[in-house]
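Taken in order, the sequence shown gives residues 3 to 382; the numbers are from the working numbering. Every residue, glycine too, gets a C-beta built ideally from N, C-alpha and C.
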Amino acid sequence: MSSLYLTGFIRDATYTPHLNPSKFSEYNISQFDVNQAQAYGLINLGVPGNSLAFSKWVSPKRTRSYPFARIYNTYHLNTKKVTIIPIIKDEGSGTQNNDRINYITFSWMNLLNIYIILAWYEDAERKPNTTDRITNQILNTESVREKLLEVSRYQMTALHWNTTHFEKDFESIYLNAVAGYKKISREKNVAVHSPTNHLQTLERFKADSRFSLTSFKEATLPRSYEAAYRESVTTHILESLEENTKGIFRISNYLGGQYYLTADEVYWESNQLIVQESKNNSKGKFPSENDIKDGLFKLILFANMERVTIDDRANIQFVTRLKLTGDLIGSLFLPCDTDDIFGFCAENRLTQTHQKRIFQLNQEARKNNKLQIWITGRHG
Numbered sequence: 003m004s005s006l007y008l009t010g011f012i013r014d015a016t017y018t019p020h021l022n023p024s025k026f027s028e029y030n031i032s033q034f035d036v037n038q039a040q041a042y043g044l045i046n047l048g049v050p051g052n053s054l055a056f057s058k059w060v061s062p063k064r065t066r067s068y069p070f071a072r073i074y075n076t077y078h079l080n081t082k083k084v085t086i087i088p089i090i091k092d093e094g095s096g097t098q099n100n101d102r103i104n105y106i107t108f109s110w111m112n113l114l115n116i117y118i119i120l121a122w123y124e125d126a127e128r129k130p131n132t133t134d135r136i137t138n139q140i141l142n143t144e145s146v147r148e149k150l151l152e153v154s155r156y157q158m159t160a161l162h163w164n165t166t167h168f169e170k171d172f173e174s175i176y177l178n179a180v181a182g183y184k185k186i187s188r189e190k191n192v193a194v195h196s197p198t199n200h201l202q203t204l205e206r207f208k209a210d211s212r213f214s215l216t217s218f219k220e221a222t223l224p225r226s227y228e229a230a231y232r233e234s235v236t237t238h239i240l241e242s243l244e245e246n247t248k249g250i251f252r253i254s255n256y257l258g259g260q261y262y263l264t265a266d267e268v269y270w271e272s273n274q275l276i277v278q279e280s281k282n283n284s285k286g287k288f289p290s291e292n293d294i295k296d297g298l299f300k301l302i303l304f305a306n307m308e309r310v311t312i313d314d315r316a317n318i319q320f321v322t323r324l325k326l327t328g329d330l331i332g333s334l335f336l337p338c339d340t341d342d343i344f345g346f347c348a349e350n351r352l353t354q355t356h357q358k359r360i361f362q363l364n365q366e367a368r369k370n371n372k373l374q375i376w377i378t379g380r381h382g
């Protein structure tokens, strides 16, 4: 897959979700245990009408366990939104899973005004019948609760919080995570990945012996990103742009900050740039609800871009599109008329659940500028 490098500008992010959960688990802040809590919910701060919407990640890797879908479920709430992210997730030396948080996650949360709380795993169980895999990992609860209280009192934006939190707390939380895995390895007699690599990586995040967001960005953005911005995009690539070209965006906001995001695909259609996320169900008719929410959440920022530039071509016309594929006959473009939805559902003999979801998605596409949803067969 080839890549195209674009620049965009976002002044503000507004979005109206419609696949909202019907109920939320609610927790009192004084008893909140991140390990026992559901994937998302509300935290009651003890004052009527004052609460935090939270979501939690099980890994810092964005492609695992649908963390964006969890945040999407809180996005319609008119309260501060917090997401709890383990800074490192090691599943044992017998796996490839040894992940660290990166700058793109930091970018995404800043631009969507979501407060990050960094956390670390301090305990786990050895997976039965193995010597090099761990499971049922436990986050340090006290530190998460302490930061939740700090966020509840914080008066500035998530961008300010996240920047300060990373600059002040990243190194100590990271070292706690490394120490946590050493302790798990020792106490459970299980092999984990070498801590040396994590410690060497931490040094790459520093400047003048202190954690630096600039160094963190440079160390965790793939080197090709920065290199690509120093090269012009050839006319040939630009003119022949089609599906299967990955979009890498350098986005600035009105404060002058620069952030990096990636889109599944970018391509031309009728002289218009399509910024597309794609979700597929290889067996059934429709991607899962979490898949759909994950795709929609990724498109919020792209749909809010005021302008897009590629090389020296400015103010390119564009739309964002969620492509949903499955075992379906024909195609449906949303937003559309109700009769078109009924016809598509009847032809594909869709269940009531799928029909309801399509009507909700139609509302989502209708209410949000620059958003299209394309439902089609796998070969459509």
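Secondary structure of Glu-93 (DSSP, three-state): coil. Counting along the chain, Pro-88 sits inside the beta strand (DSSP E) bounded by residues 82-88. By the Cβ test, the segment 347-358 is not in contact with the segment 6-26, since fewer than three Cβ pairs between them sit closer than 8 Å. In this structure Val-180 is in contact with Leu-201, their Cβ atoms being roughly 7 Å apart against a cut-off of 8 Å.
Under the Cβ criterion (8 Å, minimum of three pairs), the segment 185-197 does not count as touching the segment 82-90. The three-state secondary structure of Leu-275, taken from DSSP, is strand. Scanning its chain for C-beta atoms nearer than 6 Å, with the 5 sequence neighbours on each side dropped, one finds around Leu-161 the residues Asn-112, in chain order. Closest in alpha carbon position to Asp-329, among Phe-346, Asp-210, Thr-378 and Ile-343, is Thr-378.
Within the DSSP bridge table, the entry for Met-307 names Ile-12 as partners. Going by beta carbons, Lys-25 and Ala-55 fall outside the 8 Å limit.
Following the DSSP letters along the chain, one finds Ile-377 inside the beta strand (DSSP E) bounded by residues 373-379. Under DSSP, Phe-56 shares a beta bridge with Gly-43 and Val-84.
For Asn-199, the enclosing alpha helix (DSSP H) begins and ends at 197-206. The beta carbon of Ser-254 lies closer than 6 Å to those of Phe-11 and Gln-260 in the same chain, with the five residues before and after it left out. Assignment of beta-bridge partners to Gly-48 by DSSP yields no partner. By the neighbour-count definition (other C-beta atoms within 10 Å, threshold 16), Met-158 is an exposed residue. The segment 112-191 is shown to contain whole alpha helix (DSSP H) runs of 4 or more residues at 143-155 and 160-190, in chain order. For Lys-281, the secondary structure class from DSSP, reduced to helix, strand or coil, is strand. Exposed is the label assigned to Phe-344, since fewer than 16 other Cβ atoms lie within 10 Å of its Cβ. For Gln-98, there is no enclosing alpha helix (DSSP H), since its DSSP letter is neither H nor E. Taking all protein chains in view, the Cβ of Asn-138 is surrounded by fewer than 16 other Cβ atoms within 10 Å, so the residue is classified as exposed. Per the Cβ contact rule, the segment 264-271 is not in contact with the segment 32-40 (fewer than 3 Cβ pairs under 8 Å).
Contact check between the segment 323-342 and the segment 291-298: three or more CB pairs, one atom from each, fall below 8 Å, which counts as touching. For Ser-145, the CB contacts under 7 Å within the same chain, skipping 5 residues up- and downstream, are Ala-121 in chain order. If you draw a 10 Å sphere on the C-beta of Ser-290, you find fewer than 16 other C-beta atoms in it, and that means exposed. Put simply, the backbone Cα of Ile-360 is about 9 Å away from that of Leu-336.
Between Leu-363 and Ile-318, the CB-CB gap reaches or exceeds 8 Å.
In terms of Cα proximity to Gly-96, the closest of Thr-133, Ile-73 and Leu-114 is Thr-133.
Taking 8 Å as the cut-off, the beta carbon of Tyr-42 is found closer than this to the beta carbon of Arg-72.
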